[in-house]
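K.L.:
Before I ask anything, let me first share the structure, which is written out below as structure tokens.
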Amino acid sequence: MEEQRFAPSAGIEAAPAGIDAAFGGRLYCDLVFADVPVPGPGQEVHASDFVLTVGGVATRAIAAARLGMDAGIVAVLGTDPASRLVRSLLESEPGLSTDWVEEHPSARVAVTAAMTEGSDRSFVTYEDEASAMPAVLRGDVPVAGCCQVDLADAEADWVVRMRAAGARVYGGVGWDVTGAWDGSDLERLKNVDAFILNEDEALAYTHSDDVEAAARVLAHRVGLVIVTLGADGALAVDSGGGRVTRVSAPRVAALDPTGAGDVFTAAFMVAEQQGWSLPTALRFATMAASVSVRSLGGASSAPRREDLAAALPAELPDEHWEPIAAWGAQHTTTRHITITGEEPAWGTRHPEAGGQR
């Protein structure tokens, strides 16, 4: 298959004394309960496991830091006990800066209770309006090669200033709880350089029933579109050439899919920073997401470099894995397969091969 390379902005590398990537968004305190159905009225159910962790933008930032990026978070916390806990957890992560996490006394950190049962998840969330990402920073704008924000936040003053300085901007979206999926939201794609979303979001926003067609529609508005397909991997459309690249996902015994999309996004940003081709970057991001679902929690299950190095296949399926193997060799002396399944799906699938969920 022809090697496909793409051209990130010239500012993809952080300037001296800067960081590699800034991640902006809302912070959450996540309570994750494993192997438990949603209780009915008056019922009590018991989980088989539990983890207290950070979520929201923290998952993407922590995943990037654990994979070697110098990352920073742009967000708001309050002075409430949950906010103090979230801050302490963030400050314990090597390679992660909280210099741009502002403290607003009126804010309370958002809280989510997540219940997982097999591949299904249910959530109960509280969000304080005052805990939203700041549009204008009290201090200096981060100096970084790239940043990641929700599409709705891409017009924030600090994001616009970073992009003007050469930073590559990655946009994402969340689930539209109103069900409107207003196509006018996509006008904001002019403010980002790459757009990463999941299959359900892509189909809903384009009112399509075909994920490749949806990605092509979105690619008319932004340079690079990536659609994650869960257990089926991911596909990307580079608007420069219009070519569709599909990669399949390794089969794993999934415990909790919470945060897998965030890990994918962070890993893809790491891969772009390495200068890898699009097929290689997609493989790396899909592998990282697959490794993350084997543990409970979002940020707490974000893999480290040695975790991905250990998950590399003993025999590389194709040449696109060679840069990843070289990267992995820097972080471990022993490589072994930790992916399960009789026929691990490590290759690229062509568009005609299908693979939609």
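Going by this note's numbering, the letters in the sequence shown line up with residues 1 to 357, in that order. Heads up, the beta-carbon is just placed ideally off N, CA and C, and yes, glycines get one too.
1. For His336, does the three-state DSSP call read helix, strand or coil?
2. Where does Val394 land, buried or exposed, given buried means 16+ other C-beta within 10 angstroms?
3. What residue from Pro94, Pro134, Leu229 has the CA that sits closest to Glu103's CA?
4. Should the region 244 to 263 be regarded as contacting the region 28 to 43, the criterion being three or more beta carbon pairs within less than 8 angstroms?
5. Where do the N-terminal and C-terminal ends of the beta strand (DSSP E) with Gln148 fall, by residue?
6. Could you pull the start and end residues of the beta strand (DSSP E) that Leu85 belongs to?
7. Which residues in the same chain as Thr265 place their Cβ atom closer than 6 angstroms to its Cβ, once the five residues preceding and following it in sequence are excluded?
8. On the criterion of 16 or more Cβ atoms from any shown chain inside 10 Å, does Thr79 qualify as buried, or is it exposed?
9. Using only alpha-carbon positions, find the residue among Ala289, Val143, Val270, Leu52 that is nearest to Trp100.
10. So what's Trp327 in DSSP terms, helix, strand or just coil?
11. Do you know offhand how far Val291's Cα is from Ala299's?
12. What's the call for Gly328, buried or exposed, on a 16-neighbour Cβ count within 10 Å?
13. Mark Ala21 as exposed unless 16 or more other C-beta atoms lie within 10 angstroms of its C-beta, in which case mark it buried.
14. Whose CA, out of Pro105, Ile62, Ala231, Thr116, lies closest to the CA of Pro94?
15. Report the start-end ranges of each alpha helix (DSSP H) in the region 214 to 276 that is 4 residues or longer and not cut off at the edges.
16. For His336 and Ala231, what's the separation of their Cα atoms in angstroms?
17. So Ala113 and Val124 are supposed to be a Cβ contact under 8 angstroms. How far apart are they, rounded?
18. For Thr112, report the span of its beta strand (DSSP E) as first-last.
19. Whole-angstrom Cβ separation of Leu85 and Ala58, contact assumed at under 8 angstroms?
20. Could you name the residues of the same chain whose beta carbon sits closer than 7 angstroms to that of Arg283, not counting the 5 residues immediately before and after it, in chain order?
21. Just the Cα atoms here: how many angstroms apart are Ala64 and Phe268?
22. If you draw a straight line from the C-alpha of Cys147 to the C-alpha of Ala165, how long is it?
23. Do Asp193 and Gly223 have their beta-carbon atoms positioned less than 7 angstroms apart in this structure?
24. Going by C-alpha distance, which of Gly171, Thr178, Asn198, Ala314 is nearest Lys190?
25. Cutting at 7 angstroms between CB atoms, please list the residues of its own chain near Gly174, excluding the five before and the five after it.
26. What first and last residue would you give for the beta strand (DSSP E) that runs through Thr59?
27. Just to confirm the assignment, what range does the alpha helix (DSSP H) spanning Leu312 have?
28. DSSP three-state label for Ala22, please.
29. Mapping DSSP to helix, strand and coil, what is Trp321?
30. DSSP beta-bridge partners for Val76?
31. If you draw a straight line from the alpha carbon of Ile19 to that of Leu67, how long is it in whole angstroms?
32. Measure the Cβ-Cβ separation of Ala249 and Thr286 and say whether it is below 7 angstroms.
33. Which same chain residues end up closer than 6 angstroms to Ser208 when comparing Cβ atoms and leaving out the 5 residues on each side of it in sequence?
34. Who are the near neighbours of Phe50 in its chain, counting only those whose CB is closer than 6 angstroms to its CB and skipping five residues on each side?
35. From Leu308 to Leu96, what does the alpha carbon distance come to, in whole angstroms?
36. Out of curiosity, what's the CA-to-CA distance linking Gly242 and Arg87?
P.N.:
In short, the structure shows the following:
1. Any reading at His336 needs caution, since the residue's pLDDT is 41, under 50, leaving its predicted position unreliable; the model's value is listed next. It is coil, neither helix nor strand.
2. The requested residue 394 does not occur in the structure, where the chain is confined to residues 1 to 357.
3. Of the listed residues, the one whose Cα sits closest to Glu103 is Pro134.
4. The region 28 to 43 and the region 244 to 263 touch, with three or more beta-carbon pairs separated by less than 8 angstroms.
5. Gln148 -> beta strand (DSSP E) spans 144 to 150.
6. Segment 81 to 91 is the alpha helix (DSSP H) holding Leu85; no beta strand (DSSP E) there.
7. If we look at Thr265 and ignore the five residues flanking it on each side, its Cβ neighbours are Arg60, Ile196.
8. So Thr79 counts as exposed.
9. The shortest Cα separation from Trp100 among Ala289, Val143, Val270, Leu52 belongs to Val143.
10. Three-state result, Trp327: helix.
11. Val291 and Ala299 have their C-alpha atoms some 13 angstroms from each other.
12. Residue burial is scored here from C-beta neighbours: Gly328 has at least 16 other C-beta atoms within 10 angstroms and is therefore classed as buried.
13. So Ala21 counts as buried.
14. The candidate whose alpha carbon is nearest that of Pro94 is Ile62.
15. Listed in chain order, they are 260 to 274.
16. In this predicted model, His336 has a pLDDT of only 41, less than 50, meaning its place in the structure is not dependable; the value taken from the coordinates is given anyway. Those two C-alpha atoms are separated by around 21 angstroms.
17. Right, the Cβ-Cβ distance comes to about 5 angstroms (below 8 angstroms), so this counts as a contact.
18. Note, Thr112: beta strand (DSSP E), 110 to 117.
19. Between Leu85 and Ala58, the beta carbon gap of about 12 angstroms keeps them out of contact (Cβ cut-off 8 angstroms).
20. Correct list, in chain order: Val247, His320, Trp321, Ile324.
21. Approximately 9 angstroms between the Cα atoms of the pair.
22. Roughly 12 angstroms separates the two Cα atoms.
23. Contact flag set, yes.
24. Closest by alpha carbon: Gly171.
25. Within the same chain, Gly174 has close Cβ partners Asp150.
26. It is not in any beta strand (DSSP E) - Thr59 instead sits in the alpha helix (DSSP H) that spans 57 to 66.
27. DSSP places Leu312 outside any alpha helix (DSSP H), giving it a letter other than H or E.
28. Per DSSP, reduced to three states, the secondary structure at Ala22 is strand.
29. Judged by DSSP in its simplified three-state form, Trp321 adopts helix.
30. Looking at the DSSP output, Val76 shares a beta bridge with Glu102.
31. The straight-line gap from Cα to Cα measures roughly 14 angstroms.
32. Yes; because the gap between Cβ atoms is below 7 angstroms, this pair is in contact.
33. So the list reads Ala214, once near-sequence residues are dropped.
34. These residues qualify, in order along the chain: Phe33.
35. Their backbone Cα atoms lie some 19 angstroms apart in a straight line.
36. Taking the straight line joining both Cα atoms gives about 43 angstroms.
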